[in-house]
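Read through the structure below, which is laid out as structure tokens, and then see the notes.
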RNA sequence: GGUCCAGUGGUGGAACUGGUAUACACGCAGCACUUAAAAUGCUGUGCCGAAAGGUAUGUGGGUUCGAUUCCCACCUGGACCACCA
């Protein structure tokens, strides 16, 4: 047994007092910036899952320190935002007080684990000295026109009483509280992230250090799609007056979305967006989103207005969740008296409104091609609309599709069974013929289905019935048809994004005030830089109002102010920033946390940027990580930072699940508290176990029994240290100079032990190599396993010999590679074996490449690929010698008997495969 | 539905570039120590078989002297997105 509590406390105190964790600034050394995603200090404190990432970064940070880097490894608190405020409201304390208390808990828990953070660089997003610069960045964006005021309907959470960005939703529900989100028109500030969409997308290619999965998520989120906008002229049955009105409104809409007007202004059009111009000759109707402004504008021309109005009303009352439910049947209403003209063939088609078309994407209008789009197909079938196939599948792809369908039906399995019975072979010509026939028949049937409009074909193919474009492939047709549109001025190439501009206002108290002033004379005016930060007023009541106004609006002596421009009466902006604001740039502030002249000193920024290694949860892939990249690129554009991307390498941490394999949560009662684990088993055991559980980025279920294994390993290490040297052990004698070699023994034992000792030393160096490489690749589970193997080998030796005569210096190498994982115990034993300075001031060991070369290896001998013998041979044995040795083996002989050797395959030092007939 | 990732003992998982499948740990069983238990140590532990041997990495097929690894199809699970035209 060892007293982990005593040891861990002792070293945590010494490390803090000696300034071990302080960031090195020696300009001669290379830098390494290793960052964790900083946490929200919630009221619940940490559970064992939270520190998994922190432990891993700590391991890398400690290794880098020992490798002689200046290491920047900071920690801070993302304390603004809804969770903190909701917690404060519930517990009836001021958010500032709640935050303070929660930070203290988090900090105590983090320190308890022996994490090597430089607390002198601690930051807190709610600190006015910090959010001064968050506000400063916002103002710079506003100056550049990247922050704009909008009144569009946005996501509104009725329970949190605030507007939300798209990124704050989960399946149409508020990510925080789970309430269904409503659409509410609201005055708000919006950041024009879409202006950066292409760069955010394109620069992903340069991020080699990022996991592909996270990059893919970002690509999907940005959702770039190339297509065309096409103008369908409206043929309305109404009078001139009404048509003018429609025109007016539609122009207004175009203006609002800032689309360049490419059509003659007299024309009345429906603009649709599509990625499949090639299917346009199959367009049999056009669909508008119910909210599309055009619908109201066309009212006078619509003959069945009551029905249309009723449908719009129903759609409005549906929640997002109901509307996007894929299982629901498609619904819609025709606009009687309105037709739209397809510019390619001048055919006038019906116009519908249907809520399967989203107003927020593209133009809020689509051309419907039921033969080649599943949604249109479904709608057309329901309402009995015309389906016109104009793209013919090309053969190879089509055949594959048919083939897949036949397999689905189990036909292939049956066929295989039949063939097996007959002793048939997979490449049997009979079978091939069978499949060819089958494909031919089914292809014919399926094509008939498409032609008969019984099924729809959504892939590319060849065009038919498409005038001069007939016969082209889909992709060529798209190019030529887009060019045709541009030439005839009735459409253009267009790129759309799923990414929306970032709704940046929250109608809540606990956030950074937006540093703008509304002046009656001058309009919106920026708070001058010298007046930053705009401090959050200290108030007793900060409950959200629910009216769409921020609670700040009620604090009149804070709201009323003088205009910085004209000095006249003015009011402060009362919206606050969302939680993600402060976290968009915090990694820059750690570099220079107390600077009151700039958000970061340029020289320091140049030295430390970018972050070399960033670790955090995958749930941030499409929020924080996109926002932060956006802000960083902006800061790069205004010359505030020196690199275009903030994070060179990114690794996501896999969740630790509860013992029941569910997410750890109060709800399931499966939360494991790290305080209890550390008290019972020690921080070192907890660290080791969390790294050992499985691959770092994989979710794994917690098992407290596994922690016992880690603890046992540490106790074994102590036992080894105590058995060092003989007869009385280094620990007992505290020799001043570490012993180098084995003490003399009687000749017979010595002879017996010598080669084993050499093997042990080779293993030590192999372990140094493996642990070093594993830390680099973040294969921390196998690094721990390698350390265990070495300890087991040393223990076995000790058990046989009664002691461990490898000397304190060599044992010290083991302690060094163990130290990032179990820093307290490694440091303690390092001291015990006679070292005066901290193990973390020592130099990370290099393995001896001579020592790890095996002289004797196990050579695998196979006959026809099956293992028949393993031979102990010299590592550099030749093929001929190996073959001779193999043939000499009794078991191998047995398998070669009466057989003819066709060939042999020899992998030097590893394997000999004898192929016989 | 789309995209990505994964599927190996009773459990978590290992296997470098195609070369001894199941390292390491948990669990379990037996033994030692003990009056006893706990703790500790030792031994065993994929499956079938007394053994020789056979067989096994979700399923079916392919490439190869040799496949957990590469290719094709399918099944299952997870993550993210989801009526994005």
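In this note's numbering, the protein residues as written are 248 to 1164.
Don't be surprised by glycine CBs; every beta carbon is placed ideally from N, CA and C.
- The beta-carbon separation of residue 614 and residue 542, rounded to 17 Å, does not stay under the 8 Å limit for a contact.
- DSSP, read as helix, strand or coil, puts residue 864 in strand.
- Boundaries of the alpha helix (DSSP H) harbouring residue 960: 951–969, taken from the DSSP string.
- Burial is judged here by how many other beta carbons sit within 10 angstroms of a residue's own beta carbon; residue 478 has at least 16 and is buried.
- In terms of CA proximity to residue 964, 1040 leads the group 1040, 909, 951.
- With respect to the C-alpha of residue 362, the residue from 460, 281, 1063 having the closest C-alpha is 281.
- Here the alpha carbons of residue 416 and residue 536 stand approximately 22 Å from one another.
- Rounded to the nearest angstrom, the Cβ distance from residue 747 to residue 413 is 5 Å, consistent with a contact under 8 Å.
- Judged by DSSP secondary structure, residue 398 falls outside any beta strand (DSSP E); it is assigned neither H nor E.
- For residue 361, there is no enclosing alpha helix (DSSP H), since its DSSP letter is neither H nor E.
- In the DSSP assignment, the residues bridged to residue 324 are 371.
- Residue 601: not part of any beta strand (DSSP E); DSSP gives it neither H nor E.
- In terms of CA proximity to residue 1152, 1160 leads the group 454, 1160, 1146.
- In the same chain as residue 809, and ignoring 5 residues on each side of it, the C-beta atoms closer than 8 Å to its own belong to 815, 816, 817, in chain order.
- Apart from sequence neighbours up to five positions away, the residues of its chain that approach residue 312 with a beta-carbon distance below 7 Å are 318, 1087, ordered along the chain.
- Considering only 638, 632, 755, 430, the residue with the shortest C-alpha distance to residue 565 is 430.
- In this structure residue 469 is in contact with residue 745, their Cβ atoms being roughly 7 Å apart against a cut-off of 8 Å.
- Only exposed fits residue 1096, as fewer than 16 other CB atoms lie within 10 angstroms of its CB.
- Between residue 930 and residue 360, the C-beta spacing is below 8 Å.
- With a cut-off of 8 Å on Cβ pairs, the region 860–868 is in contact with the region 888–908, counting three or more such pairs.
- Using a Cβ-Cβ distance cut-off of 8 Å, the region 839–857 and the region 882–891 are in contact, since at least three pairs of beta carbons, one from each stretch, lie closer than that value.
- For the 8 Å CB-CB criterion, residue 622 and residue 603 form a contact.
- Here residue 1133 carries a helix assignment [DSSP, helix/strand/coil].
- Here residue 460 is exposed. Its C-beta has fewer than 16 other C-beta atoms within 10 Å.
- Rounded to whole angstroms, the Cβ separation of residue 823 and residue 711 is 58 Å, and the two are not in contact under 8 Å.
- The C-beta distance from residue 729 to residue 740 rounds to 5 Å, short enough to meet the 8 Å contact threshold.
- Boundaries of the alpha helix (DSSP H) around residue 460: 459–469.
- Assignment of beta-bridge partners to residue 430 by DSSP yields 402.
- Nearest neighbour of residue 743 by Cα position, chosen from 462, 1072, 474, turns out to be 474.
- In this structure, DSSP gives residue 1095 a state outside helix and strand, which the three-state scheme calls coil.
- Three or more beta-carbon pairs separated by less than 8 Å are not found between the region 249–261 and the region 293–303, which leaves the two stretches without contact.
- In the structure shown, the three-state DSSP call for residue 888 is coil.
- Looking at the DSSP output, residue 550 shares a beta bridge with no other residue.
- In the DSSP assignment, residue 472 falls outside any alpha helix (DSSP H) and within the unbroken beta strand (DSSP E) covering 472–483.
- Around the beta carbon of residue 942, fewer than 16 other beta carbons sit within 10 angstroms, so the residue counts as exposed.
- Rounded to whole angstroms, the gap between the alpha carbons of residue 829 and residue 327 is 8 Å.
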